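What follows is a single structure, written as structure tokens, with notes after it.
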Amino acid sequence: MSLEKMRNIGIMAHIDAGKTTTTERILYYTGKIHKIGEIDDGQATMDWMQQEQERGITICSAATTTYWRDHQINIIDTPGHVDFTAEVERSLRVLDGAVAVICAVDGVQPQTETVWKQADEFNVPRIGFMNKMDRIGADFFGSMEDVHNKFGADCLALQIPIGQGQEFEGVIDLLKMKEIRWDEESEGEKFTESEIDPSRLDEAKSWREKLIDMVASSDDALAEKYLEGTEITTDELKTAIRKGTIARTFVPFVMGSARHNQGVQPLIDAVVDYLPSPLEVPATKGIHVKKNAEEEIEVPCKENGMPVGLVFKIQYDREMGSLCYVRMYSGKITSGSQVFNVGKKKRERVNRILRMHSNKSEPLDSVSAGDIAVFIGLKLAQTGDTIGSEGLPVLLESVKFPEPVISVAIEPESLSERDKMNETLEILSKEDPTFTHHDDAETGQLIISGMGELHLDVLVTRMKDDFGVQCRVGNPQVTYREAVTSEGTASEKFEKVLAGKENTAGVTIKVSPREQGSGNDYIFSAKAKDVPDEIIEAISQSAKSSLDSGIQYGYPCTDTLVEVTAIEYNELTSTPFAFASCTSQAFDSACKAANPQLFEPVMNVEISCPKEFVGEAMSQVTQRGGMVMGQDSKASGELVHAQAPMAKMFGFSTNLRSATQGRASFTMEFSHFQLKPDGLNNAW
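Going by the working numbering, the first residue of the sequence shown is number 13, and it counts up by one from there.
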């Protein structure tokens, strides 16, 4: 399959906007599956994990490949729930285009905003699919306006609806100027095209004018024809729309009802017609790791180039071990060959290469630039690793993940389960970078951390059901952070005789606060002429691990700059061990002089509720120390935007439901860390 005929796309949206249902229909109409599975019955192909079927939500981004009009389409169905934001983040990193599914009733919802911003960050061109057009309250034009107002995106309607809500019959295609209706008996597989009804012709012509106007304003050749009044052909329009979509000048919109099998074929046509092939997106950038220097280079998408690929997801399979999902950016890797893990500087063998279809697979001999496949046999690879060859050691930009904000203590039911539990935790944290685990030095408990209550609940259930680990789980606790609030400097000396040998070191460290949300940083500015690299490395490692182990309470530091300004080195007695210990002491002393404080995670809370319950919903947030930031009106009710400390939000859903007669729902995602007003007094 030539690269021009390949599409790597993701389907992204808010929870329940219909991503998995839409993917299911795409697979059915492209002939990949022979029966449509419904999420409500727990039968969806892409939601293959038992928990996904039971909960009716997508947890893992599943990958599949299908074919349409001689084009290969690699699809990644991403989760919509905010707790699984890492799954969306890593999928968008490797996609060339995306389909944003938007609910025609609710318009832009909180998680739509999150995924849209993530797609903007990675410059992913996208097309829109306005779903649920047959639901009461559906408003195609209002929802497009919502997208325009929230994201500043110019929306290009390729179709207009024939009736909305329960009157929805089909669509008018503005390029062909035809009415399209789907046949219910054939599950939407057959559809009829007819001439536009005279009563709708004027509206269709007016919207076609708007379409040509918007497309022509981004294409000079078309603008010339338009101004001269020359007839513009459908092919010319399609070419210009493709150009504008890839340049992200506008977002083309189609519509339908995936649940009732309407509007899916034009969506697949739009994917092929308007989303880019791997050759049409800018070449990915990477850092060329040379002996003493690093330089940024472009990696062109060429099959005959040096192999470069990115591991964007790892999934554990009971029989095959780790499945590494790899997006190839350059070159070709064959089954059974050796690859070089650039970051870890290790070679590994690719035993087998598979093309995935959800949780089923077919073997491949090789995988080339632009394609996505699964490698089996890579034992060291982790999410974000670059694999390639020693001939071109290029490090692609790794995927950045948000920090976990909620923790629970976990313990095995018996000692014999402990090793099994540790093994399982290793597998799960390798699969999911936002899931971490560590032993608490003070209590001796094993603590697991994640992005939210649902996230941890899903992972603990997987441990019990999929891996057979019997364990007990404590109540959720908030993951706090520590940070300095002023500058502090300290000098420490280390002098000890160990095993008859003298060990000495001297380090001066300055710590200072950084801007909120900017993370930690480390600078080595000391004069270090004739100091061996291993000494400088020992200082760096010690400073970084000190940031992780905290200042007063053992919580990791955040937004703190550590600068090593001077060192005392003696070539006869100084050792890496002495410098590591000395750095740790100097760090503690400098932090204590810099007024360290405890910071707590604050969440963005979005509450959706009917008008009459807005007051109750707001008071529920303010009672928990939250702040109401604003309010929007939607067809489905009011949307309240608020921020609240994570520690006070446990059990919020129960209180909210009882205060609003069960008619309000909310989503929550991490916003930032802020100074905890009462120190540690209420932390436990």
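Every residue gets a Cβ at the ideal spot worked out from N, C-alpha and C, and that includes glycine.
Nothing here was measured: the structure is a model prediction, and the numbers come from that model.
Assumed close pair residue i, residue j - CB separation to whole angstroms, cut-off 8 Å
{"i": "PRO264", "j": "LEU168", "result": "5 Å"}
{"i": "SER558", "j": "PHE599", "result": "4 Å"}
{"i": "GLU514", "j": "THR585", "result": "5 Å"}
{"i": "ALA659", "j": "GLY500", "result": "So it is not a contact: roughly 28 Å between Cβ atoms."}
{"i": "ARG19", "j": "ILE114", "result": "So it is not a contact: roughly 20 Å between Cβ atoms."}
{"i": "ASP571", "j": "GLU527", "result": "7 Å"}
{"i": "GLU191", "j": "ILE208", "result": "6 Å"}
{"i": "PHE591", "j": "VAL519", "result": "7 Å"}
{"i": "ILE345", "j": "GLY321", "result": "7 Å"}
{"i": "TYR238", "j": "ILE224", "result": "6 Å"}
{"i": "TYR581", "j": "LEU610", "result": "Rounded, the Cβ-Cβ distance is 36 Å, inconsistent with contact."}
Straight-line Cα distance separating residue j from residue i
{"i": "GLY355", "j": "THR78", "result": "33 Å"}
{"i": "LEU335", "j": "VAL276", "result": "31 Å"}
{"i": "THR57", "j": "GLU36", "result": "Because the pLDDT at THR57 is just 42, under 50, the model does not fix this residue reliably, and the point stays unresolved."}
{"i": "ARG220", "j": "LEU186", "result": "6 Å"}
{"i": "SER593", "j": "VAL576", "result": "14 Å"}
{"i": "GLU50", "j": "THR33", "result": "With a pLDDT of 47 at GLU50, under the threshold of 50, the modelled position of that residue is not reliable, and no figure is offered here."}
{"i": "ILE244", "j": "LEU234", "result": "8 Å"}
{"i": "VAL351", "j": "ASN363", "result": "11 Å"}
{"i": "GLY119", "j": "VAL159", "result": "7 Å"}
{"i": "GLU331", "j": "GLY562", "result": "40 Å"}
{"i": "ARG636", "j": "HIS653", "result": "15 Å"}
{"i": "GLU307", "j": "ILE299", "result": "5 Å"}
{"i": "LYS144", "j": "GLN178", "result": "10 Å"}
{"i": "SER211", "j": "ILE174", "result": "11 Å"}
{"i": "VAL614", "j": "ASP560", "result": "20 Å"}
{"i": "THR296", "j": "ARG339", "result": "12 Å"}
{"i": "LYS325", "j": "TYR337", "result": "5 Å"}
{"i": "LYS31", "j": "TYR40", "result": "14 Å"}
{"i": "GLY480", "j": "ASP285", "result": "47 Å"}
{"i": "SER774", "j": "VAL136", "result": "Residue numbering for the chain in the displayed model covers 13 to 696; residue 774 lies beyond these limits and cannot be assessed."}
{"i": "ASP231", "j": "GLU157", "result": "23 Å"}
{"i": "GLY200", "j": "HIS26", "result": "25 Å"}
{"i": "THR251", "j": "ARG260", "result": "14 Å"}
{"i": "THR126", "j": "ASP451", "result": "33 Å"}
{"i": "ILE619", "j": "GLN130", "result": "22 Å"}
8 Å Cβ cutoff met for residue i and residue j
{"i": "ILE139", "j": "VAL106", "result": "no"}
{"i": "GLN655", "j": "MET639", "result": "yes"}
{"i": "PRO416", "j": "GLY462", "result": "yes"}
{"i": "GLU429", "j": "LEU390", "result": "no"}
{"i": "PRO523", "j": "LEU466", "result": "Note that residue 523 corresponds to Val in the displayed sequence, not to Pro. Going by C-beta atoms, VAL523 is not nearer than 8 Å to LEU466."}
{"i": "ILE521", "j": "ALA502", "result": "yes"}
{"i": "GLY343", "j": "PRO319", "result": "yes"}
{"i": "CYS603", "j": "ALA676", "result": "no"}
{"i": "TYR341", "j": "ALA381", "result": "yes"}
{"i": "SER289", "j": "LEU15", "result": "yes"}
{"i": "PRO608", "j": "VAL496", "result": "yes"}
{"i": "VAL323", "j": "ILE399", "result": "yes"}
{"i": "ILE459", "j": "SER419", "result": "yes"}
{"i": "GLN327", "j": "GLU443", "result": "yes"}
{"i": "PHE6", "j": "ARG493", "result": "Within the shown structure, residues of the chain are numbered from 13 to 696, placing residue 6 beyond reach of any answer."}
{"i": "ASN616", "j": "SER665", "result": "no"}
{"i": "ILE184", "j": "ALA216", "result": "yes"}
Terminal residues of the beta strand (DSSP E) in which residue i lies
{"i": "ALA654", "result": "649-657"}
{"i": "GLN686", "result": "677-687"}
{"i": "GLN609", "result": "608-621"}
{"i": "GLU423", "result": "418-424"}
{"i": "THR448", "result": "448-451"}
{"i": "GLY154", "result": "First-last for GLY154: 152-163, but that is the alpha helix (DSSP H), not the beta strand (DSSP E)."}
{"i": "MET641", "result": "639-646"}
{"i": "LEU15", "result": "Looking at the DSSP string, LEU15 is not in any beta strand (DSSP E), and its letter there is neither H nor E."}
Residue i: CB within 7 Å of a non-hydrogen atom of the ligand MG
{"i": "LYS31", "result": "This structure lacks the ligand MG, and indeed carries no ligand of any kind."}
Residue range of the unbroken alpha helix (DSSP H) whose run includes residue i
{"i": "SER198", "result": "No alpha helix (DSSP H) contains SER198, which DSSP labels as neither H nor E."}
{"i": "ALA259", "result": "Where ALA259 is concerned, there is no enclosing alpha helix (DSSP H), given that its DSSP letter is neither H nor E."}
{"i": "MET226", "result": "210-228"}
{"i": "GLU429", "result": "Careful: GLU429 lies outside any alpha helix (DSSP H) and carries neither H nor E."}
{"i": "MET630", "result": "626-635"}
{"i": "ASN135", "result": "Note, ASN135: premise wrong, no alpha helix (DSSP H); not H, not E."}
Length-filtered (3 minimum) beta strand (DSSP E) runs lying within the region 483-509: 483-485 and 493-496
Of all the beta strand (DSSP E) runs that stay within the bounds of the region 315-395, which reach a length of 3 or more residues? 320-329, 333-342, 344-346, 350-353, 358-361, 364-369, 372-376, 378-380 and 384-388
Which residue spans inside the region 538-602 form an unbroken alpha helix (DSSP H) run of at least 4? 545-561
Which runs of the alpha helix (DSSP H) at least 4 residues long sit entirely within the region 267-307? Give them in chain order. 276-286
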